[in-house]
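In our numbering, the protein residues as written are 16 to 199. Data first, discussion second: the structure below is written as structure tokens.
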């Protein structure tokens, strides 16, 4: 019983860290050549879209925050995905602290139920964040607005990268933790 609780606490902290790292690492990436013939690496994270290029051995970074996007649909989906990720990380942190407390206690039914409920709610929040990321990856934005029309990242040949994978791990991990709590 104690080993299961320790494993639960470690895994809970690990999946919470995966969710936090998903907010820091890029979700999508694309390499291209711009009009001036420079190799440009574009990365999309939850917070911004960044372009990296080199001119005369000097690295340049252009960062556009998604909250400043002209397309309101893209702005709302990006802010929603980022906010849900932060909420999921906060709930995961609370659940990790409760799991650490649960290691030291004897069988407390209400603590087990609270942890199971927190794990499920955290899973649902991360799933909603993941859904918003997938929506922005696959769907064109502002289709009725010819000035601010934005092609989907998929149509722009972006590839899903480590941030997306970490968000998937956090989401699946908390789904798994919901059922693992039954064993502890």
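Every residue gets a Cβ at the ideal spot worked out from N, C-alpha and C, and that includes glycine.
Selection from 35, 32 and 67 that minimises the alpha carbon distance to residue 48
Of the listed residues, the one whose Cα sits closest to residue 48 is 67.
For residue 113, does the three-state DSSP call read helix, strand or coil?
helix
Per DSSP, what are the beta-bridge partners of residue 64 in this structure?
59 and 79
Beta-carbon separation of residue 31 and residue 127 under 8 Å?
no
Whose C-beta lies closer than 6 Å to the C-beta of residue 156 among residues of the same chain, with five residues either side of it excluded?
86, 88, 89 and 165
beta-carbon residue 181 near the ligand GDP non-hydrogen atom, thresh 7 Å
With respect to small molecules bound, the structure shown includes none, and the ligand GDP cannot be examined in it.
Classify residue 42 as helix, strand or coil using the three-state DSSP reduction.
Coil, per DSSP.
Quick one: Cα of residue 168 to Cα of residue 153, how far?
Straight-line measurement puts the Cα of residue 153 at about 7 Å from the Cα of residue 168.
Buried or exposed, going by whether 16 or more other CB atoms sit within 10 Å of the CB of residue 80?
exposed
Helix, strand or coil for residue 92, going by three-state DSSP, please let me know.
helix
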